[in-house]
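In this note's numbering, the protein residues as written are 11 to 477.
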Ligand SMILES: Cc1cc2nc3c(=O)[nH]c(=O)nc-3n(C[C@H](O)[C@H](O)[C@H](O)COP(=O)(O)OP(=O)(O)OC[C@H]3O[C@@H](n4cnc5c(N)ncnc54)[C@H](O)[C@@H]3O)c2cc1C
């Protein structure tokens, strides 16, 4: 695809459509906008960075760019992990970060209507103040809700409450030709034809730019308690997960972690984890309507864990203890990042009963290639985050080992019935692995869907699908 670069006339149009202070050009754009949280996937600078404030502004910018064949890349907070929000072909980087108003909390329908640039942490706090709860809780709380919806972000509470998709009831979207459409609404159910709503969710800004979201809320649980459960081996640790899931105790979160990661997080945060003597840990969380109810559930869970081979089970029921555990869990990625000059990630999801087999395969790959690999993840939903660390390897050796490691990891996940991404998406970094895993016929259908929405391929080109 041949694209047009942004010229002086285009800049004038953007300045007139938005306002001059919200259009930044060329060398004035910070290098931070050339990548997301995975700089290993390269840096690609836009010709212009445009901060939009409304659907109408976005509509006019898109219609102009569509006509001129200027690529447009939507961007939220840039915390993505697969190169989704980087302008591979230059053009316009269109930020929805300043569209950050919570427009309404409808307490009767238990919905909220928001602009896409609202940060997850601000939104969660806002609704909690009204005794309502927005369950999706991806690790990075400074991400925007628009970015969360466009990546179908998962997170720690998915075991009980599901992922972002389960909380999206309505969207306003600007299509690449500038049309503004609405999908869904404040509706608890909807069988009115194909669900465009669910096609947009997780589409990584390749089909349209989201300008308004209607999100589902639920009543706030009164009490939550976490359990830290140490094990002598990862095998025992992961083997306990089905026992907990079958128990009808309905855990909110079931996270697993290696000892090495806990040590790295402690070093990174300058704060000790409550226990670091075991090889592997489960971090469980439960919630409910009263302290007694949740404590009873925790007692039963602790009993099941110990019976399955756990060394012990430590309760965390005060704000301080909970933050000690969950802050450490939230810092894993940053801690691993700070321990190595470069890393690459794979975010596969496998059937829950295959996590142990996958973890074993990761260890085998690390040993075979003599490379440091760290992993942790959402044991309750089969989503494993694997980080291959460069450490002291020279460029050529790193590239060779990384390529071989990724190839084997994705192959292993696929053989276990898994998929390329559980929650981070495809971006441009995982396109080849998507094709390998899903096959040409499947990808060809994705490309045809892309063509229906964006025949000129101006919107976030080179993401999810190659063309
Ligand atoms: C420390 C850390 C922990 C993380 N933990 C998790 C986790 O637990 N679970 C998880 O799922 N993710 C996690 N992430 C990844 C990341 O936070 C999510 O992918 C998040 O949803 C990205 O939101 P963002 O606002 O930063 O979007 P960006 O990175 O800016 O963009 C992400 C994608 O959405 C598109 N996009 C953004 N805004 C719009 C819009 N308004 N309209 C159309 N398209 C748009 C972009 O084009 C891009 O394709 C983590 C990241 C970090 C750094």
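We put the beta carbon where it would ideally sit given N, CA and C, even for glycine.
Identified DSSP bridge partners for residue i
i           : result
residue 61  : 105
residue 393 : 359, 388
residue 85  : 105
residue 366 : In the DSSP output, where bridge partners are listed per residue, residue 366 has none listed.
residue 229 : 142
residue 267 : 291, 386
residue 122 : 115, 225
residue 192 : 182
residue 378 : DSSP lists no partner for residue 378.
residue 241 : 290
residue 298 : 233
residue 163 : Paired residue(s): none; residue 163 is not in a bridge.
residue 399 : 353, 382
Near ligand 1: residue i beta-carbon under 6 Å from a heavy atom
i           : result
residue 214 : yes
residue 48  : no
residue 467 : no
residue 358 : no
residue 80  : no
residue 71  : no
residue 95  : yes
residue 160 : yes
residue 110 : no
residue 87  : yes
residue 433 : yes
residue 106 : yes
residue 150 : yes
residue 220 : yes
residue 404 : no
residue 156 : yes
residue 91  : yes
residue 231 : no
residue 335 : no
residue 323 : no
residue 343 : yes
residue 193 : no
residue 165 : yes
residue 393 : no
residue 470 : yes
Under the three-state DSSP convention, the category residue i falls into
i           : result
residue 384 : strand
residue 276 : helix
residue 249 : helix
residue 215 : coil
residue 453 : helix
residue 372 : helix
residue 283 : coil
residue 429 : strand
residue 328 : coil
residue 92  : coil
residue 353 : strand
residue 308 : helix
residue 412 : helix
residue 154 : strand
residue 129 : strand
residue 462 : helix
Burial state of residue i (16 or more Cβ within 10 Å)
i           : result
residue 247 : buried
residue 199 : exposed
residue 228 : exposed
residue 147 : buried
residue 449 : exposed
residue 407 : exposed
residue 29  : exposed
residue 265 : buried
residue 377 : exposed
C-beta contact flag for residue i and residue j at 7 Å
i           : j           : result
residue 67  : residue 27  : yes
residue 435 : residue 92  : yes
residue 102 : residue 60  : yes
residue 97  : residue 56  : yes
residue 141 : residue 127 : no
residue 456 : residue 475 : yes
residue 257 : residue 314 : yes
residue 72  : residue 211 : no
residue 224 : residue 123 : yes
residue 274 : residue 349 : yes
residue 324 : residue 284 : yes
residue 466 : residue 83  : no
residue 234 : residue 297 : yes
residue 58  : residue 87  : no
residue 245 : residue 374 : no
Beta carbon proximity, residue i to chain C, threshold 7 Å
i           : result
residue 112 : Among the protein chains of the structure shown there is no chain C, as only one such chain exists.
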